[in-house]
Each structure stands twice: as C-alpha cells, then as structure tokens.
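Residue numbers (the numbering used here): 6 to 521. Note that beta-carbon positions come from the ideal geometry of N, C-alpha and C, so glycine has one too. Bear in mind that the values here come from a model prediction, so they are computed numbers and not experimental data.
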Ligand code: MCA
Ligand code: AMP
C-alpha cells in the first residue's frame, strides 16, 4: 500500500474532475477557477520536473514564495514526488533564509523572481543544486520548466513514517529547529479533523472553505488545505487576508479558519452582521489564544460560536472544542478535548501527574506527533519524556470532563498575529546594537495582534540610545513581524534574587502600552 499523503488527497477529489476546486478571490485575473483536473495535472508536471532532476530520495525542497494556487500545487507536487516540503515565511530576511538553507541543505530551492539574485547566491553557496522562481502573477522558471513535462505522474511510494515536510520553529535558546512531519502524521490528523469537524460530503450539501491564511505554516497549509482537499471541497482562495473582502464572501462559503487577529479585524468592520454569516456552518480559530471577549463579540454579532482548537508545528492539531452538540458545548477561553486517538496529560516540573484542575505542563502523544527535530537528536530527546510524550512547553489544566484550558507557556514565546517570535532571538540582535548594555524582549497585549513585541533596553554608561534607530536596523535583519512595535529605554531591568530578569514584572508594568 502507498501511504503517500498525496494518494489519500487525490482519492478524495470528486469524480467530476472538471468542477471547480479553487476559486481565487484576489490576485491576477481574479476570479480564476482552478478545476480538480488542473490541480492534478499541474502537480504532476511539477513532480515530473522534480523527477527529471535525479534528486536523491527524500530531498528537501525549500520554498519561499508568495501565496498562490500555484504554490499549493508545488506542495502537492513535492508530496507526490516523495520529497520533503520545507516552506519558509515570506517575511524572512536573507540572513534568516541563509540559516534555514544551511541547516536543511535542500536540493531544490524555489523563491520569488524578485529575490532570485540575492537568494540563489546563498543557495548555490550552500550546495543547493537547483533554484527555481515562482511569482505571484503565475510567472517564474518553475512553471516554465514544468510546462515541458508530462501531466501524468504516479505518486512515489512512501511509508507512513517517511518524511513529508519540515517546518522550522524557533527555539527558546539558539537557532530554529526543523520539526520533521511524516506522511502518516499529516494524514492521521487530517482524517481525524475531517470527522471531528463534520466536513460535509457533496451528497450532504458539501462544504466551501474560505482560505485566507498563509501557506507556510501548519494552520493554512495543513489544517485548512488538507481539510478541503481531503473532503473534495471547493476553496475560495485569498492570497492576502482582507477583512471586508472576506466578509463579503462568507455568503458563498460554509467554513472559515483564522488566527484571532482575523476575527478581531472582521469584528472591527461594520459589514459583519448575522445576514453576512447566515450560510456559514463553522468558524474555527487557533494558533494563538482567542480572547473570551472576541469569542463573545463574534457570537453576538453573527450568531455563530467560534470553535477554538489548539496545536503546534510539532504535533499539528492536539485538542478541539466539539463541533457536534453531542460532544458538549464550545466554551470560550478553552481549547476543548484531546482529539480522538491523541493522549493529552498535565505533569508538574518533576514529571509527576497532576489531578483534574491542577496547572502544569501539557504533554501529548499520538500518531500526530512529529518524528523529531532535523539533525538535532539531543534536542529531540530533551523534548520527550521517558514514556515518549512530547512536552509542548504550554502550561494548562484539564478538568474532570477532559476539557483543556491553556493558561500560559513555560517557553519564552510571543505570539503576534499568529506568528511566533522568540524573545531570545530578537534580544541577540539588539544586544549587538552599539550602546546597548542589555535588552529584554516581551509580549504585551495588543488590540490587533493579540500580543505585540516590545523591547526594553538599558544603555551603556554615557550613551544616549535612539530607539527608532534600533528598530530601523532590525528591519533589514529579521522578519518584520519580529521587529518590536515599541522600544523603551530604561535605567535598569527588574531582577530576582538570582539576578534573572523578571519578564513578568516588565509585562505587568507595560501591559497598557497599546490599550485602545
Ligand atoms: C504583519 N505585521 C505583523 C504581523 N503581520 N507584525 C506583527 N505580527 C504580525 N503577525 C507587520 C507588517 O509587516 C507591517 O509592518 C505591519 O505589521 C502592518 O501590517 P499589516 O498590513 O496590518 O499586516 P497584514 O499583512 O494584514 O498581516 C496581518 C495578518 C498576518 C493577516 C494577521 O500576520 C497573518 O496572516 N497572520 C497569520 C499567521 C498564521 O497563519 N499563523 C499560523 C501559524 P510595517 O508597517 O513595519 O511594514 S501555525 C500555528 O501556529 C499552529 C501550529 C496552529 O496551532 O495553527
Ligand atoms: P507553532 O510554533 O507555530 O507551532 O506554535 C504553537 C504554539 O501556538 C503552541 O505551543 C501554543 O503556545 C500556541 N497555540 C496554538 N493554538 C493555540 C490556542 N488555541 N490557544 C493558545 N495558544 C495556542
């Protein structure tokens, strides 16, 4: 049996391949209609192009391109060719991309035409044999080269344990780690969510998904795309999220998935009302905590109760509020129950079990849990318990009914608009800035991004620091979403008796910085 994830997705395509699979809502020539046959043929041509390169099996294909349907086709092509997809956030700067390429050693790199000159030099220097381009106007060498290949392709044989993708997730100390996800990890999670969220078959009226998230992370690439593909459901495809435009299309759809910022932005738009969302079946939120106030405001404005779920790059989805009434209520401020087949437990710092309602570290085990960090066996071992539960770094509790609530994180992590920012990384850059004696990077509440990155700097004696200059310098070095939205200069950082910076004190002092 071929466990290649692509086979399962392809088997779910509707019988009539000439119906619309994806309808673009923005971008060149929108609305463009891509049929299921288009997805099949184009991904076959790209897979044949990859096959023509004679790559070693399971080569990494690193991709940093703007969102487009063609980029999704490339993902499908990498799956069916048996290679390993490695998506990169388009916000990453050249220095960051250099690290990922050096670490993952991809055989193929695909970037935007505009970045080719800069990034191909980096890739070739690191030993990457092939660099293609893919633009957001259906242009670039990838499509040109693929056009010369056959549109027939047999998916390469893969076992469930073989790697399908590597997703880089930053470490609390040191550089990013590549989470290795297998075909089996991804398929098991997609099948579980298909049943748990009640995806409707065509006979049952079918579902239509509004896809408005980036496709370089678990949420947009796996949870959303796999959900629709594995159900043979049409997608309304936004390359960029726009609140008003999304609200205008709710009437044509049944399912929407977003990070909390997408919901707060839609709530801020007057066109959102019960009529605009009347035909919708399900709104799902995740990737960052959804405030109770957003949950309640959404119900008041639209009559729909958002279903919040919880996951990680290393595990894909772990818990979810119920979809079916028989599973109980969707409770705001909680992330629901362990998904079927997945074990979730709470442990204290010594690894001892906690009772219902007690707060501790969240640990998880199941077919969804990744195979380890790319070329970091020690790091991988550190993150697993002796009985092979993965330590998420999230802090929470489970009540007597099994409902999970996340109350914080033991990892020093900021989630801004659904993107993860590791303070240690930003502090590393700030500490290099001339005149900085030390820095502390914290997340504080922000009305749009949920949390915003704030830097607190201490100047070297006799130096007068110019906060804005530090921001400008960072902008060329690290992805924009990591750049502090505010830089504060203080005389001293608060410390505990051990001399450790008390970030909780800083967070508390500055919690109203962005109050409405
Ligand atoms: C953009 N900016 C940001 C962010 N996004 N700053 C902080 N945090 C962000 N998330 C910067 C821009 O570079 C710009 O900076 C300024 O903020 C304003 O940009 P704006 O035009 O408002 O931003 P946008 O282009 O509208 O993007 C906002 C967004 C986007 C749509 C919320 O961030 C987004 O798509 N987020 C979703 C991320 C996601 O999919 N996460 C899933 C991770 P300047 O003005 O300086 O140029 S998967 C995951 O976490 C797990 C596993 C899970 O459970 O799902
Ligand atoms: P990532 O590294 O992008 O995989 O982000 C995973 C992290 O996002 C988790 O460890 C959580 O801290 C956070 N996260 C995801 N979903 C939720 C949620 N619904 N509520 C709170 N935090 C979440």
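Short Cβ contact (8 Å threshold) for residue i with residue j
i           : j           : result
residue 315 : residue 340 : yes
residue 93  : residue 102 : yes
residue 239 : residue 28  : yes
residue 135 : residue 165 : no
residue 486 : residue 407 : no
residue 139 : residue 79  : yes
residue 373 : residue 347 : yes
residue 405 : residue 361 : yes
residue 446 : residue 489 : yes
residue 433 : residue 468 : no
residue 158 : residue 65  : no
residue 414 : residue 400 : yes
residue 546 : residue 289 : Nothing about residue 546 can be reported from this structure: the residues present for the chain run from 6 to 521 only.
residue 201 : residue 292 : no
residue 124 : residue 99  : yes
residue 452 : residue 519 : yes
residue 492 : residue 475 : yes
residue 318 : residue 223 : yes
residue 167 : residue 117 : no
residue 133 : residue 425 : no
residue 33  : residue 143 : yes
residue 320 : residue 375 : yes
residue 352 : residue 358 : yes
residue 31  : residue 250 : yes
residue 463 : residue 498 : yes
Any non-hydrogen atom of ligand 2 closer than 7 Å to residue i Cβ
i           : result
residue 411 : yes
residue 466 : no
residue 399 : yes
residue 340 : yes
residue 294 : yes
residue 269 : no
residue 313 : yes
residue 174 : yes
residue 335 : no
residue 414 : yes
Residues that DSSP places opposite residue i in a beta bridge
i           : result
residue 414 : 399
residue 135 : 113
residue 216 : 242
residue 425 : 420
residue 494 : 462
residue 90  : 66 and 170
residue 348 : 370
residue 444 : 462
residue 451 : 455
residue 378 : 184
residue 343 : 324
residue 358 : 352
residue 512 : According to DSSP, residue 512 bridges with nothing at all.
residue 163 : Paired residue(s): none; residue 163 is not in a bridge.
residue 500 : 506
residue 409 : 341 and 403
residue 389 : 395
residue 365 : 401
Subject >> Segments assigned beta strand (DSSP E), at least 3 residues, entirely inside the segment 288-340 >> reply: 312-317 and 321-325
Original post:
Around ligand 1, what residues have a beta-carbon under 6 Å from a heavy atom of it, in chain order?
Top reply: Of all residues, those with a beta-carbon under 6 Å from at least one heavy atom of ligand 1 are 218, 219, 222, 223, 224, 225, 246, 264, 266, 291, 292, 316, 317, 318, 421, 422, 423, 424, 454, 485 and 486, reported in chain order.
Original post:
Mind pulling the beta strand (DSSP E) runs of 3 or more residues that sit fully within the segment 13-78?
Top reply: Restricted to the segment 13-78, the beta strand (DSSP E) segments that are unbroken, complete and at least 3 residues in length are 25-29, 38-40 and 65-69, listed in chain order.
**OP:** Report the residue ranges of all alpha helix (DSSP H) runs contained in full by the segment 227-284; include only those spanning at least 4 residues, in chain order.
**Re:** 230-234, 248-254 and 265-272
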